[in-house]
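End of the sequence shown = 1005 in this note's numbering, gap-free, step of one. Note that the Cβ used here is the ideal one computed from N, Cα and C, for glycine as well.
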Amino acid sequence: MDAKLIAAFRRARSLSVLTGAGVSAASGIPTFRDKQTGLWENFDAAELATPGAFRRDPALVWGWYEWRRMQVLRAEPNPAHRALAAMAERIPTFTLITQNVDDLHERAGSPNVIHLHGELARPYCEACRQPYVHPPGIPELPEGGAQLEPPRCQACGARVRPGVVWFGESLPELDWLAALEAVKTCEVFLSVGTSAFVQPAASLIDLANRVGAVTVQINPNPTDADRAVAFALRGPAGELLPQLVHEVWEGKGSALK
Ligand code: OAD
749 MDAKLIAAFR
759 RARSLSVLTG
769 AGVSAASGIP
779 TFRDKQTGLW
789 ENFDAAELAT
799 PGAFRRDPAL
809 VWGWYEWRRM
819 QVLRAEPNPA
829 HRALAAMAER
839 IPTFTLITQN
849 VDDLHERAGS
859 PNVIHLHGEL
869 ARPYCEACRQ
879 PYVHPPGIPE
889 LPEGGAQLEP
899 PRCQACGARV
909 RPGVVWFGES
919 LPELDWLAAL
929 EAVKTCEVFL
939 SVGTSAFVQP
949 AASLIDLANR
959 VGAVTVQINP
969 NPTDADRAVA
979 FALRGPAGEL
989 LPQLVHEVWE
999 GKGSALK
């Protein structure tokens, strides 16, 4: 890897990381926009991931998110998740911001993950916003899910909705503010496994550039952010992130740290 990149990581006292679906791809969780395998290549977002879709057909939407929750329950973190957890232990101020709705970062040992797009495992009541506690066990659902009536709120009896952010909805405010604050003050900004297509998450890359952070991207494919970052590393996160940790903290010259 580029010596300047390695030096920037060794020097950094603060690092902000933005992750996307590509980080969980090697765990068997589908991305959204990859050709053939992407969820939005195979399912219609307008029918599944908007407030209107849930109003029109709550059983279809709930069943689809339950299928995705089931996939995550069966998945395990991969070397990319683990490398990010290892970085957190080596940099004094480390902020992990994810667009992912799975909990694989947490299961790999990353603390205080900011979930910009919510979490599959945290549904809540449409009316009173009380969190809903899933019964234990893994639902058995076919590929793509099946019609399943959403449960009722344990507090007020209204309908429970998936705990994710849908198209047309705002991001959770405190999480977004925390992400902005972290990026404004970081020395290195790393974007991994995201197409950098969805706003406002993708705007964090521009913000990092504006505040003078060293910007880095890891992705096996070209993205909209290629030209925006100082270092665009081409390859899978499960290989490049462990290699980065190794070269920065375990490789030649790392004793300086
Ligand atoms: P996308 O599916 O848009 O992009 C995934 C990116 O991961 C692509 O650029 C791939 O090239 C890359 N990728 C694939 N395999 C990889 C690997 N092994 N290592 C590294 N990168 C890999 O997913 P996101 O950018 O996360 O929103 O999508 C952003 C948001 O759009 C999601 O959070 C979701 C979706 O609609 C909500 O659910 C609200």
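Identify, in the order they occur along the chain, each residue of the same chain with its Cβ nearer than 7 Å to the Cβ of residue i, setting aside the five sequence neighbours on each side.
i	result
P879	R870, Y872
L1004	Because L1004 sits at a pLDDT of 45, beneath the cut-off of 50, its placement in the model cannot be relied upon, and the point is left open.
A980	Q965, D974
F842	L763, M835, A836
Between residue i and the rest of its own chain, which residues show a CB-CB distance below 8 Å, the 5 nearest in sequence each way excluded?
i	result
G786	P778, T779, F780
E921	none
V912	A797, Y813, V849, H865, G866, E867, L868
In terms of residue numbering, what span does the beta strand (DSSP E) encompassing residue i cover?
i	result
F979	979–982
I966	962–967
From the DSSP secondary-structure annotation, give me the bridge partner or partners of residue i.
i	result
T767	T846, V940
Y872	P879, R909
T798	In DSSP, T798 forms no bridge with anything.
I862	I845
Tell me whether the beta-carbon of residue i lies closer than 8 Å to the beta-carbon of residue j.
i	j	result
E986	A823	The sequence given here places Gly at residue 986; Glu does not occur at that position. It is not a contact, given that the beta carbons lie outside the stated cut-off.
L832	H853	yes
L864	L919	yes
A760	G941	no
Q991	M749	yes
I862	A927	yes
A856	P825	yes
S939	V977	yes
In chain order, what residues of the same chain lie with their CB nearer than 6 Å to the CB of residue i, ignoring the 5 residues before and after it?
i	result
W914	A797, T798, P799
Kindly indicate the opening and closing residues of the alpha helix (DSSP H) around residue i.
i	result
N957	951–958
M818	806–822
G986	985–993
Compute the minimum distance between the beta carbon of residue i and the heavy atoms of ligand 3, and state whether it is under 7 Å.
i	result
F802	Here the bound small molecules are ligand 1; ligand 3 is not part of this structure.
Query raised in the report: Would you call the stretch 928–935 and the stretch 950–968 touching, i.e. three or more CB-CB distances under 8 Å?
Result: The stretch 928–935, when compared against the stretch 950–968, does touch it at the 8 Å Cβ threshold.
Query raised in the report: Between the stretch 764–771 and the stretch 845–854, do three or more beta carbon pairs fall short of 8 Å?
Result: With three or more CB-CB distances shorter than 8 Å, the stretch 764–771 counts as touching the stretch 845–854.
Query raised in the report: Is the number of C-beta pairs between the stretch 799–818 and the stretch 886–895 that are closer than 8 Å three or more?
Result: Pairwise C-beta distances place the stretch 799–818 in contact with the stretch 886–895, as three or more of them are shorter than 8 Å.
Query raised in the report: Within the chosen definition, does the stretch 944–960 reach the stretch 894–914 through at least 3 CB pairs nearer than 8 Å?
Result: Pairwise C-beta distances place the stretch 944–960 out of contact with the stretch 894–914, as fewer than three of them are shorter than 8 Å.
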